[in-house]
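A.B. asks: Chains as they are written, first to last, in this note's numbering: chain X, 236 to 349; chain B, 853 to 966.
Cβ atoms here follow ideal geometry from the backbone N, Cα and C, with glycine treated the same way.
This one's a predicted model, so the numbers in the text were calculated from it and none came from an experiment.
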Amino acid sequence: DVKVTQSSRYLVKRTGEKVFLECVQDMDHENMFWYRQDPGLGLRLIYFSYDVKMKEKGDIPEGYSVSREKKERFSLILESASTNQTSMYLCASSPLLGGGYGYTFGSGTRLTVV
Amino acid sequence: QQQVKQSPQSLIVQKGGISIINCAYENTAFDYFPWYQQFPGKGPALLIAIRPDVSEKKEGRFTISFNKSAKQFSLHIMDSQPGDSATYFCAASIGGGSQGNLIFGKGTKLSVKP
């Protein structure tokens with residue numbers, strides 16, 4: 236069964252901490268994505284990557300950065316966590332950028348910043 | 853112009869009833885329209901998708917209706933069951949799903965009452 240695995244299901248961090256969210260896919264997909272999901276706001280794209288070491292800003296990149304050193308791994312970095320970054324974070328991968336064969340999502344990381 | 857507007861935000865349906873969720877878009881370059889289903893504690897998963905060369909696509913109890921002139925598409929769930937209770941997202945992209953990114957609607961939380 237194809238998978239996108241996010242390293243943590245729940246995470247609690249303190250304001251100002253540097254936070255790493257890890258995502259690994261086993262499908263050899265070119266494209267990987269980071270979204271945050273908040274009630275009433277739906278899925279908002281933070282960053283995406285279409286190849287190793289390549290990254291593009293999404294709709295809400297402020298306060299975040301990403302790293303993709305290997306094809307299967309895409310990391311989201313919160314440089315200095317703030318309480319407004321408390322959210323559900325979802326990673327996805329896809330063979331096509333536009334989702335023609337579907338985006339495969341992980342189960343999410345619920346991050347709480349206190 | 854990149855938005856996909858989804859309604860309603862929430863929906864309560866009796867078991868056996870028909871659930872209808874609507875989406876509208878402005879960008880006429882969109883040519884791939886998937887729906888995603890998300891259960892609590894899980895990431896969204898591709899449910900059904902349509903391309904504008906057809907006006908309707910049916911998979912089991914789920915049907916997408918597409919109106920190109922009105923720039924609208926909708927998801928119909930026939931004989932709705934409590935197990936259909938989930939959040940549903942419509943989405944759109946270009947290049948038949950190969951280009952751009954998926955643009956998601958804000959989601960509809962469906963509750964099917966027994």
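What span of residues does the beta strand (DSSP E) with P966/B cover, start to end?
C.D. replies: Segment: none, P966/B is in no beta strand (DSSP E) and carries neither H nor E.
A.B. asks: Strictly below 8 Å CB to CB, what residues from chain B border F283/X?
C.D. replies: N953
A.B. asks: My guess is that T347/X and T321/X are in contact by the Cβ rule of under 8 Å, so how many angstroms apart are they, rounded?
C.D. replies: 5 Å
A.B. asks: Below 6 Å CB to CB, which residues in the same chain sit around P330/X once its five sequence neighbours on both sides are set aside?
C.D. replies: H264, Y336
A.B. asks: For R913/B, tell me which candidate among I900/B, K923/B, A922/B, N919/B has the shortest Cα-Cα distance.
C.D. replies: Distances from the alpha-carbon of R913/B to those of I900/B, K923/B, A922/B, N919/B put I900/B closest.
A.B. asks: Comparing alpha-carbon positions, which option in Y338/X, E307/X, L332/X, M289/X lies nearest V259/X?
C.D. replies: E307/X
A.B. asks: If I'm right that K894/B touches V964/B with Cβ under 8 Å, what's the distance once you round it to whole angstroms?
C.D. replies: The distance from the Cβ of K894/B to that of V964/B is about 17 Å, inconsistent with a contact at the 8 Å cut-off.
A.B. asks: Which chain X residues sit within Cβ distance under 8 Å of L927/B?
C.D. replies: Result: empty, since nearest Cβ-Cβ is about 15 Å, beyond 8 Å.
A.B. asks: Please work out which residues of its chain come closer than 7 Å, Cβ to Cβ, to K305/X, disregarding the five sequence neighbours upstream and downstream, and give them in chain order.
C.D. replies: V287
A.B. asks: Could you give the distance in angstroms between the alpha-carbon of A943/B and the alpha-carbon of K238/X?
C.D. replies: 22 Å
A.B. asks: Using DSSP's beta-bridge definition, name the partner residues of H928/B.
C.D. replies: In DSSP, H928/B forms a bridge with I872/B, T915/B.
A.B. asks: For K238/X, report the span of its beta strand (DSSP E) as first-last.
C.D. replies: That residue, K238/X, is in no beta strand (DSSP E); it is neither H nor E in DSSP.
A.B. asks: Where do the N-terminal and C-terminal ends of the beta strand (DSSP E) with P886/B fall, by residue?
C.D. replies: 885-890
A.B. asks: Who pairs with T344/X in a beta bridge, going by DSSP?
C.D. replies: Beta-bridge pairing links T344/X to Y324/X.
A.B. asks: Please look up how many angstroms separate the CB atoms of Q890/B and T939/B, rounded, as I've assumed it's under 8 Å.
C.D. replies: Between T939/B and Q890/B the Cβ distance is about 5 Å, and since that is below 8 Å, they are a contact.
A.B. asks: Hey, how far is the Cα of L311/X from the Cα of F255/X?
C.D. replies: 6 Å
A.B. asks: Where does the unbroken beta strand (DSSP E) through A316/X begin, and where does it stop?
C.D. replies: Note, A316/X: premise wrong, no beta strand (DSSP E); not H, not E.
A.B. asks: Please confirm whether A327/X and E252/X have their CB atoms less than 7 Å apart.
C.D. replies: no
A.B. asks: Give the single residue among G277/X, N266/X, E257/X whose Cα lies nearest to the Cα of K290/X.
C.D. replies: N266/X
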